[in-house]
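Listed in order, the protein sequences are those of chains A and B. For my numbering, count along the first sequence from 1 and bump the result up by 2. For my numbering, count along the second sequence from 1 and bump the result up by 2. Glycine included, each C-beta is placed from N, C-alpha and C at the ideal position. Single-structure report; data block below.
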Amino acid sequence: MAFAENPVSRDLPPNDWKQIQELVDAVLDAAPDRRPDLIAELAGDDVAKRAELERLVAECERAIPLLERPAAERFAALLQDPTPQLPEILAERYRLTRELCRGGMATVYLAQDIKHGRMVAVKVLRPELAALLGTERFLSEIRVTASLQHPHLLPLFDSGEAGGMLFYVMPYVEGESLRERLERERQLPLEDAMRIAVGVTSALDYAHRHRVIHRDLKPENILLQDGEPLVADFGIALAISHAGGTRLTETGLTLGTPRYMSPEQAAGDRALDARSDIYSFAAVLYEMLAGEPPHTGSTAQAIIAKALSESNQREIVAIVFDADKNCRAFSAGVAVEDHVQETIFQMLDAFHSIFRILEQVAKPAIALIDGAALGGGCELVAACDIVIASDRSRFGQPEIKLGVFPPVAAVLLPLVIGEKRARELILTGEIIDAVEAARLGLCNHVVPGAHLEPKLLEVLAKLRELSGTSLSYARQSLDLGRGRSIDDALSEQENMYLHELMKTQDANEGVKAFMEKRKAIWRHR
Amino acid sequence: MGASTDGTDVLTELRTGGRESLDRLLPLVYQELRAIAHRRIVGRDRGRTLSTTALVHEAYLKLVDQSRSEWRDRAHFLAVASLAMRRVLVDRARARVALKRGGEGKRLTLDEEEIGVDDQPRVLLELNESLDHLAQVEPRLARVVECRFFGGLTEEEIAEALGVTVRTVERDWAKARMLLRRALSS
C-alpha cells in the first residue's frame with residue numbers, strides 16, 4: 003500500500019519512504035560495523051539524503067525496551083484477573099472503584115453511587131446463576147428484603163437487572179466481617195461476643211417478626227462497624243433460593259455438613275422457618291466463645307445418609323456433595339474427634355452407610371472439592387461419578403498414619419487410579435495435589451476456586467438435558483461393570499477391621515495419638 | 003474442532019493474508035490461550051513470570067492433540083496464536099478501560115520496561131492502535147511485531163510462518179521499530 007494513499011492523518015513513514023526504503027533495507031542487511039560506509043556509498047554526494055539515511059537507520063537500530071520482552075510479561079496484569087465486567091446501565095449509576103471480592107456466585111465491587119455521592123458495595127450475581135434464578139422472581143423476593151429497617155441490618159439500597167445480570171447494592175461498611183475477626187483472634191472476649199450476639203438477635207427478631215428469614219447466617223455475613231454488628235445479605239439467600247428454588251432443586255440436591263446450617267436445612271428441607279436462623283446463630287455464638295465451630299460429627303453423616311436415601315423420590319437430576327473449606331463432609335474419615343462418643347461399630351456403620359446408599363442411588367453423584375479431601379473424604383471422591391476440584395485441593399488416604407486403613411479406598415481406589423498408585427497412596431499415606439489427582443483420574447476437572455460453582459452449573463445443565471431414567475440405568479451398568487459391589491467388599495473388610503485390626507495395640511494407639519496431637523508409638527502388635 | 007482442511011493450505015492462506023481460515027481457527031486458539039493463561043496465574047504458578055512462548059506452546063500441544071490434521075504446520079499455529087494473544091490482551095484491556103471510565107490514563111511510551119498495573123490497559127490499547135496503523139502501511143511489518151511481541155516467536159519461527167527469510171524478519175523488525183516510534187511521537 004502506498005503511503006500517500008494512507009487515509010490516516012498520522013505521519014507514519016517518512017515522505018519519501020517508497021524510494022528510500024530500498025536503501026534502508028540494503029543498509030540493514032549489512033553488518034552493523036559496515037553500515038556507516040555503506041550509507042556514504044549509497045548517498046554519494048547527496049548530503050541531505052545521507053543525513054536522512056543515517057537518521058532512519060539509527061531509528062531502526064534503536065531498541066524499543068517495551069517490546070524487548072514478550073507481551074504476556076509486559077502486560078501480565080491484564081492476563082492475571084478474569085476480566086471485570088459491568089453492564090453499561092449500571093456503569094451510569096455507579097462508578098466502580100475496585101473489586102472487593104469474587105465468590106462462586108457473585109462479585110462484589112466497591113463503587114461510588116454517583117447520584118448520592120456515597121460509597122456502596124455493588125454485588126453482581128454471576129450470569130449463570132442469574133439465568134438459573136430468573137429475573138422477575140429474584141427481584142420480587144428481594145423487594146421484601148428492601149422493606150426491612152433495623153439498626154443492625156445492612157439495608158438494601160438498590161437492586162435490579164442490567165444487561166442480563168442481577169445485582170443489588172448495599173452500603174459499604176468500613177470495617178471487617180466477623181469471619182475476619184475470628185480468623186485473627188479465634189476466640190472473642192465475652193463482652194464483645196455478647197455485644198455482637200445482642201445486635202444479631204435483635205436484628206433476627208425484627209426480621210422474623212416481618213416474616214423474613216436469613217437462611218444463610220454465618221460469620222462472613224456479619225459485618226462489624228465500631229464493634230457493632232450489621233447483618234448483611236438478609237433475605238438474599240432466601241431470595242436466591244426462592245427465586246431459583248424449584249429449578250435449583252430440580253437440578254441438584256446439595257449435600258454437605260455446613261457448620262452453620264440447621265439439620266433440616268442441610269437435609270434439603272425447603273419449608274424452613276425462623277428456627278433455622280436461630281440454629282445458625284447459636285453455631286456462630288458457639289464459635290465466638292469456643293474459638294471453633296461446633297462439631298457436627300455423626301449428625302452430619304446421618305443427615306447425608308437420610309437425604310441420600312430420599313433422593314430417589316426427589317425431582318432432582320444429581321446429588322452434589324459440596325465441600326467448601328468450612329465443610330466436613332470430605333474430612334469425615336479423619337475427624338476422629340467427632341466420633342469419640344461412639345463405639346467403633348457405630349462410627350463405621352454411620353460412615354459406610356453413606357457409601358452403601360450412594361451405590362443404590364439412581365442419580366449421578368457430583369463432588370465439589372475446595373480444600374482437603376482426605377481419608378473418608380478421598381473415599382467419597384473415589385465413589386462419586388463426577389469430581390470438580392479447585393486447584394488448591396489435596397487428596398489422600400492418611401489412615402495408615404493412624405494405624406488403621408481405609409476400607410472403601412481399598413476397594414475403589416485401585417479401580418479409579420490404578421493398582422500400583424492406589425497401593426502406594428494407601429500404604430504410605432501420601433497426600434497429592436489436585437493436578438496430580440486429575441492426572442491419576444481421581445478428579446474430572448481442576449478449576450480455580452472461583453470457578454467451582456460455574457463449572458458445577460455447567461455440568462448440571464448438561465445432565466438436565468438427559469433422561470433421568472436412562473442416567474439411572476447407565477449408572478447401574480457402570481456399577482455392575484466394576485464386578486463387585488461396595489456393599490459386598492465392605493462387609494468382608496469390616497469383619498477384619500472390627501474384629502482384628504481394632505483389637506491391636508497399634509490401631510488404638512494411632513487413633514489415640516491423633517486425638518492427643520502427638521506422634522504415635524508403634525509396638526507392631 | 004471444525005472441518006478438516008479439505009486440501010486448502012491454511013498456512014498459505016495465512017501467508018497471503020486470507021482471513022477466512024484465520025477467522026475459523028482464531029477462536030479456538032484464543033479460547034485455549036485464555037484458559038491456559040488464567041489457569042497458570044490463578045493456579046500454582048502464581049508469582050512466576052509468564053512466558054508467552056510457554057503459553058503458546060502449551061496451547062499448541064493441547065490443540066495438536068485434539069486435531070492432528072488441522073495444525074499441519076507448527077509455524078502456522080504459532081502465528082495464529084500470536085494474533086490470539088494480541089486479542090486476548092486487547093479484549094481485557096478494553097474491559098478494564100470501560101470499567102474505569104473517566105480516569106486519566108498514562109500515555110504509551112516505548113522506553114519503559116515496567117508498566118504499572120493500572121496503566122497497562124491504556125498503554126496496551128495505544129500500542130494496539132499504532133500496530134493497526136502500521137498494518138495499514140506495512141502489513142508484514144505489523145505481523146512481524148505481532149508474532150515476536152505477542153506470540154514470543156523466534157525469528158526463525160516468524161520467517162517460517164510468514165514465508166520469508168530470517169534476514170527479512172530481522173530487517174522488518176528494525177523498520178517496524180522506527181515506524182512505531184514515529185507513529186507515537188507524532
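Do the CB positions of V31/B and A83/B come within less than 7 Å of each other? yes
| request: Quick one: give me the first and last residue of the beta strand (DSSP E) that A375/A is part of. | output: 374-376
* Asked: Where L164/B and V139/B are concerned, what is the direct C-alpha to C-alpha distance, given to the nearest angstrom?
  -> 17 Å
| task | Assuming A176/B contacts E63/A (C-beta within less than 8 Å), just tell me the rounded distance between them. | result | 7 Å
Tell me, to the nearest whole angstrom, how far the beta carbon of K457/A is from that of I390/A; I am working on the premise that it is less than 8 Å. 5 Å
**Study point:** Partners in chain A for E114/B, counting only beta-carbon separations shorter than 8 Å
**Key:** P67, L68
Query - Cβ neighbour criterion (16 or more within 10 Å) applied to E148/B - result: In this structure E148/B is buried. Its beta-carbon is surrounded by 16 or more other beta-carbon atoms within 10 angstroms.
For this session: Run down chain B in chain order and give the residues with a C-beta less than 7 Å from the C-beta of P38/A.
Result: Result: empty, since nearest Cβ-Cβ is about 16 Å, beyond 7 Å.
Note to self: On the criterion of 16 or more Cβ atoms from any shown chain inside 10 Å, does S333/A qualify as buried, or is it exposed?
What the structure shows: The pLDDT assigned to S333/A is 49, lower than 50, so where the model puts this residue is not dependable, and the model offers no usable value.
* Asked: Who are the Cβ neighbours of V26/A in its own chain at under 8 Å, not counting the five residues just before and after it?
  -> L55, L58, V59, C62
To the nearest angstrom, how far is the alpha carbon of A164/A from that of R181/A?
Distance from the CA atom of A164/A to the CA atom of R181/A, rounded to whole angstroms, is 31 Å.
Item to complete: Could you spell out where the alpha helix (DSSP H) holding G201/A opens and where it closes?
Response: 192-211
Query - V171/A to D279/A span [Cα, whole Å] - result: Across the structure, V171/A and D279/A are spaced so that their CA atoms are roughly 23 Å apart.
What does D31/A reach in chain B if we use C-beta pairs closer than 8 Å?
-> Neighbourhood of D31/A in chain B, by CB distance below 8 Å: R169, R173, in chain order.
| task | Kindly list, in the order they appear in chain A, the residues whose Cβ is closer than 9 Å to that of R183/B. | result | Those are E61, R64, I66, listed as they occur along chain A.
Discussion item. If I measure Cβ to Cβ from I160/B and keep anything under 7 Å in the same chain, skipping five residues before and after, which residues do I get?
Written reply: Answer for I160/B: V146, C149, R150, V171, listed in chain order.
Checklist line | Limits of the unbroken beta strand (DSSP E) element including S392/A | finding: Element bounds for S392/A: 388-392.
- Please report the residue range of the beta strand (DSSP E) in which D115/A lies. Element bounds for D115/A: 108-115.
*Taking Cβ-Cβ distances shorter than 7 Å, what residues in chain A pair up with I160/B?*
Those within 7 Å of I160/B in chain A number zero; the least Cβ separation is about 13 Å.
- Item | chain A contact for L85/B (CB, 7 Å cutoff) | no
**Request:** Tell me, please, whether the CB atom of F79/B is closer than 7 Å to any CB atom in chain A?
**Result:** no
| query | In chain B, which residues lie less than 9 Å from P456/A when you measure between Cβ atoms? | reply | Using a Cβ-Cβ cut-off of 9 Å, P456/A is close to nothing in chain B; its nearest Cβ partner there is about 13 Å away.
Does L382/A get closer than 7 Å to chain B when you measure Cβ to Cβ?
Closer than 7 Å: no.
Would M87/B be called buried (16 or more neighbouring beta carbons within 10 Å of its own) or exposed?
With 16 or more Cβ atoms within 10 Å of its Cβ, M87/B is classed as buried.
### Task
Measuring alpha carbon to alpha carbon, tell me which of A195/A, Q495/A, L376/A, R277/A ends up nearest L291/A.
Out of A195/A, Q495/A, L376/A, R277/A, A195/A has the C-alpha closest to the C-alpha of L291/A.
Environment of D39/A [buried if 16+ CB atoms lie within 10 Å]:
exposed
Check your understanding: Under 7 Å, do S313/A and V363/A count as touching if we go by C-beta distance?
Key -> Result yes, Cβ atoms of S313/A and V363/A sit closer than 7 Å.
Using beta carbons (cut-off 7 Å, strictly below), is D35/A in contact with chain B? By this cut-off, D35/A is not an interface position.
Take I523/A as the anchor and find which of S355/A, M349/A, P409/A, K403/A has the nearest alpha-carbon. K403/A
Q: Please classify P408/A: is it buried, with 16 or more other beta-carbons within 10 angstroms of its beta-carbon, or exposed?
A: buried
Practice prompt. Per DSSP, which residues does D324/A bridge with? Please list them.
Written response: Bridge partners of D324/A: L370/A.
Checklist entry - Got a sec, what are the start and stop residues for the alpha helix (DSSP H) D160/A sits in? => result Note, D160/A: premise wrong, no alpha helix (DSSP H); beta strand (DSSP E) at 160-164.
ask   = Who are the neighbours of L126/B on chain A, taking C-beta pairs under 9 Å?
value = A73, R76, F77, L80
Proximity to T147/A [Cα-Cα], best of V233/A, R183/A, E178/A = V233/A
What span of residues does the beta strand (DSSP E) with M121/A cover, start to end? 120-127
message = In the DSSP output, what is D435/A paired with across the bridge?
response = In the DSSP output, where bridge partners are listed per residue, D435/A has R396/A.
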